[in-house]
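Peer 1: Pasting a structure below so you can have a look.
Protein chains: 2
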Amino acid sequence: MGSEASENTDAEGDGRSARKRRAILDAATEVFLRSGYLGTNMDEIAALSAVSKQTVYKHFSSKEALFIEIVGGMTTGAGDIVHNDVAELGRDEDLSAYLVEYALRQLTVVLTPRIMQLRRLVIGEVTRFPELARVLYERGPARAMAMLAGVFQGLAERGLLTIDDPQIAASHFNWLIMSEPLNQAMLLGDDAIPSQADLRRNAEAGVRVFLAAYGRPAR
Amino acid sequence: MGSEASENTDAEGDGRSARKRRAILDAATEVFLRSGYLGTNMDEIAALSAVSKQTVYKHFSSKEALFIEIVGGMTTGAGDIVHNDVAELGRDEDLSAYLVEYALRQLTVVLTPRIMQLRRLVIGEVTRFPELARVLYERGPARAMAMLAGVFQGLAERGLLTIDDPQIAASHFNWLIMSEPLNQAMLLGDDAIPSQADLRRNAEAGVRVFLAAYGRPAR
DNA sequence: AGCAGAGAACTGGACGGTCCAGTTCTGCAA
DNA sequence: TTGCAGAACTGGACCGTCCAGTTCTCTGCT
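So the protein lines, in turn, are chains A and B. The letter at position 164 of the first sequence is residue 164 when you use my numbering, and the numbering goes up by one with no holes. Every number in my numbering is 219 more than the matching position in the second sequence, counting from 1.
Following this line, the structure appears as structure tokens:
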């Protein structure tokens, strides 16, 4: 069921081998996300990708290698989506609205069943695969906050924000808008992922607090 | 190694049966935290608790039941530690310092290898044991924020804070001080748990932002 | 262009070795 | 006799390998 969806990142190559490889990656992604690392067995991946086990092991040397490949690809891919096409604040644009839109964009990408499940999976395997968790951290929160720090630095130089340490400000902004929905979805499951309207309200409240602390004293 | 530590919550009862039961619980806690649910096997628990497998199954009907017992106990226990003896703000005490102390107290308890590992464990098993994750959410963040909301409500009525929605304010405070270190420790492992001094700096920065948004306009 | 053949890739199934949850048996000791 | 330790056992799952036979793909020749 659904084994023909070629949703994987690199869409290059369409030889038989490349096609099978993608089928394996897609199937493995689904099974690993559903059942976890230990809960997944290679026979199921082979069956779901409509490929023999031999072929699976021709493309990936072991269960562990396949797992690492998938998780690494997903984290990098998801991070890219968030950080492409970040517009600067226009000359006469509203700062508050600009920040809310940025927040919403990030929330919409991260609060997805797939990404949430990836997060849970990686966190549950921190002990077994510490390197994978480190990559998720750097491609996820760390990357987002580094980017934000740059934006805030610029806004501060334009006199629109009053910022002492851009890193800390970025962290505060990031978690003001992300933590509540992220933590809920993390522990309460995908059913607890808020609606778009709730996410907007959450973002607006977070931005309000952020601007109260870091906004230019509009006097 | 360390199997004689009887650190479990309920210390009542010292009959032979009760002692063995605690030994099993302690051993199981250690093994589950170290190896995860699927990665744990009952033989190891029996060996570590110096008890026969038969005795293990006399006290707990299955691996699943034992797991639920342990995780449930740990979450409730940890929550209790944070929320005992919460002092009110004295008549002429500094609000900022009061909030920083509250934050530090909570950070110190939560950012412990054991608690962090418990969090990772439960998150990794959200799909298999959704009920357990829900309990962790309610005994952890939800409980802390409900408590905070009450405190803030009181402070607002005393004119020390300007608060619209105490729930949202509590969430903002909670995550301003917890998110950065919690997320780091979560993904980067126990070595990334910040020092007490760093935690204090983090708490002070968070409280500063919180008071800028919710503090009484001291003008 | 059309075709033949070589070599790579794949299938389907079986299988060895290992691991594990939960049960049962044996023997010892109070 | 009762209760537990220790060990063996059952039934099943699973990783990785292997092999015989089939299909695909590409190259070079006519």
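Backbone N, C-alpha and C define an ideal beta-carbon position, used for all residues, glycine too.
For residue 38 (chain A) versus residue 71 (chain A), is the C-beta spacing smaller than 8 Å?
Peer 2: Not in contact: residue 38 (chain A) and residue 71 (chain A) (Cβ atoms no closer than 8 Å).
Peer 1: Alpha carbons only, please: which of A:145, A:164 and A:187 is nearest the one belonging to residue 340 (chain B)?
Peer 2: Here the closest residue by C-alpha is A:187.
Peer 1: How about the segment 98-109 of chain A and the segment 40-51 of chain A: do they share at least three Cβ pairs that are nearer than 8 Å?
Peer 2: Judged by Cβ distances under 8 Å, the segment 98-109 of chain A makes no contact with the segment 40-51 of chain A, as fewer than three pairs qualify.
Peer 1: Nearest chain B C-beta to residue 171 (chain A) closer than 8 Å, yes or no?
Peer 2: Answer yes: the Cβ-Cβ gap between residue 171 (chain A) and chain B drops below 8 Å somewhere.
Peer 1: Take residue 276 (chain B) and list the residues in its own chain whose beta-carbon comes closer than 6 Å to its own, dropping the five residues that flank it on each side.
Peer 2: Same-chain partners within the cutoff: there are none.
Peer 1: Buried or exposed, going by whether 16 or more other CB atoms sit within 10 Å of the CB of residue 425 (chain B)?
Peer 2: Buried.
Peer 1: So, is the C-beta of residue 139 (chain A) closer than 8 Å to a C-beta in chain B?
Peer 2: Judged by the 8 Å Cβ criterion, residue 139 (chain A) is not in contact with chain B.
Peer 1: Might you give, ordered along the chain, the residues of its own chain that have their beta carbon closer than 6 Å to the beta carbon of residue 319 (chain B), omitting 5 neighbours on each side?
Peer 2: Cβ neighbours of residue 319 (chain B) beyond the five flanking positions: 422, 423 and 426.
Peer 1: Taking Cβ positions, are residue 212 (chain A) and residue 269 (chain B) nearer each other than 8 Å?
Peer 2: Not in contact: residue 212 (chain A) and residue 269 (chain B) (Cβ atoms no closer than 8 Å).
Peer 1: Per DSSP, what are the beta-bridge partners of residue 434 (chain B) in this structure?
Peer 2: DSSP lists B:380 as partners of residue 434 (chain B).
Peer 1: For residue 183 (chain A), would you say it is in contact with chain B, using Cβ-to-Cβ distances shorter than 8 Å as the test?
Peer 2: So yes, residue 183 (chain A) belongs to the interface.
Peer 1: Express the C-alpha separation of residue 324 (chain B) and residue 239 (chain B) in angstroms, rounding to a whole number.
Peer 2: C-alpha separation (whole angstroms): 34 Å.
Peer 1: Do we get a CB-CB distance below 8 Å when we pair residue 344 (chain B) with the residues of chain A?
Peer 2: So, interface residue.
Peer 1: Where does the unbroken alpha helix (DSSP H) through residue 294 (chain B) begin, and where does it stop?
Peer 2: Here the alpha helix (DSSP H) through residue 294 (chain B) covers 282-302.
Peer 1: Taking 8 Å as the threshold (beta carbon to beta carbon), is residue 77 (chain A) in contact with chain B?
Peer 2: It does not: the Cβ of residue 77 (chain A) has no partner Cβ on chain B nearer than 8 Å.
Peer 1: Report buried or exposed for residue 16 (chain A), applying the criterion of at least 16 other Cβ atoms within 10 angstroms of its Cβ.
Peer 2: Counting Cβ neighbours within 10 Å, residue 16 (chain A) comes out exposed, since fewer than 16 surround it.
Peer 1: Of the residues that make up the segment 270-294 of chain B, which ones have a beta carbon closer than 7 Å to any beta carbon in chain A?
Peer 2: Under the 7 Å Cβ criterion, the segment 270-294 of chain B contributes no residue.
Peer 1: Do we get a CB-CB distance below 8 Å when we pair residue 182 (chain B) with the residues of chain A?
Peer 2: Because chain B is modelled from 220 through 438, residue 182 (chain B) falls outside the range shown and cannot be assessed.
Peer 1: Check the Cβ of residue 258 (chain B) against every Cβ in chain A and list those closer than 7 Å, keeping chain order.
Peer 2: In chain order: 38.
Peer 1: Which residue from B:393, B:377, B:375 and B:352 puts its Cα closest to that of residue 365 (chain B)?
Peer 2: Among B:393, B:377, B:375 and B:352, the Cα nearest to that of residue 365 (chain B) is on B:393.
Peer 1: By a C-beta neighbour count over all protein chains shown, 10 Å radius and 16 as the cutoff for buried, is residue 180 (chain A) buried or exposed?
Peer 2: Buried is the call here.
Peer 1: Taking Cβ-Cβ distances shorter than 7 Å, what residues in chain B pair up with residue 130 (chain A)?
Peer 2: Result: 408.
Peer 1: Leaving out five residues on either side along the sequence, give the residues of the same chain with a beta carbon under 6 Å from the beta carbon of residue 95 (chain A).
Peer 2: Here the set comprises 160.
Peer 1: Tell me, please, whether the CB atom of residue 439 (chain B) is closer than 8 Å to any CB atom in chain A?
Peer 2: With chain B represented from 220 up to 438, any question about residue 439 (chain B) goes unanswered, as that position is not in the structure.
Peer 1: Consult DSSP for residue 189 (chain A) and reduce its assignment to one of helix, strand or coil.
Peer 2: Looking at residue 189 (chain A) - three-state DSSP - the assignment turns out to be coil, as it is neither helix nor strand.
Peer 1: Report buried or exposed for residue 30 (chain A), applying the criterion of at least 16 other Cβ atoms within 10 angstroms of its Cβ.
Peer 2: Residue 30 (chain A) comes out buried.
Peer 1: With a threshold of 16 other CB atoms inside 10 Å of the CB of residue 22 (chain A), please say whether the residue is buried or exposed.
Peer 2: Classification of residue 22 (chain A): buried, given that the 10 Å Cβ count is 16 or more.
Peer 1: Look up residue 248 (chain B) in the DSSP assignment and say whether it is helix, strand or coil.
Peer 2: Here residue 248 (chain B) sits in helix by DSSP.
Peer 1: Go to residue 124 (chain A), then tell me how far its alpha helix (DSSP H) extends in each direction, as first and last residue.
Peer 2: Here the alpha helix (DSSP H) through residue 124 (chain A) covers 113-124.
Peer 1: Could one say the Cβ of residue 382 (chain B) lies closer than 8 Å to chain A's Cβ atoms, at least one of them?
Peer 2: Chain A contact via Cβ: absent.
Peer 1: Could you tell me if residue 80 (chain A) is buried or exposed, where buried requires 16 or more neighbouring beta carbons within 10 angstroms of its beta carbon?
Peer 2: Exposed, by the Cβ-count rule.
Peer 1: Put residue 131 (chain A) into one of helix, strand or coil per three-state DSSP.
Peer 2: The answer is helix: DSSP assigns residue 131 (chain A) an H, G or I state.
Peer 1: Can you list the residues of chain B that residue 134 (chain A) reaches, using a CB-CB cut of under 8 Å?
Peer 2: Those are 406 and 407, listed as they occur along chain B.
Peer 1: With distances taken Cα to Cα, identify the nearest neighbour of residue 343 (chain B) among A:36, A:143 and A:68.
Peer 2: The shortest Cα separation from residue 343 (chain B) among A:36, A:143 and A:68 belongs to A:36.
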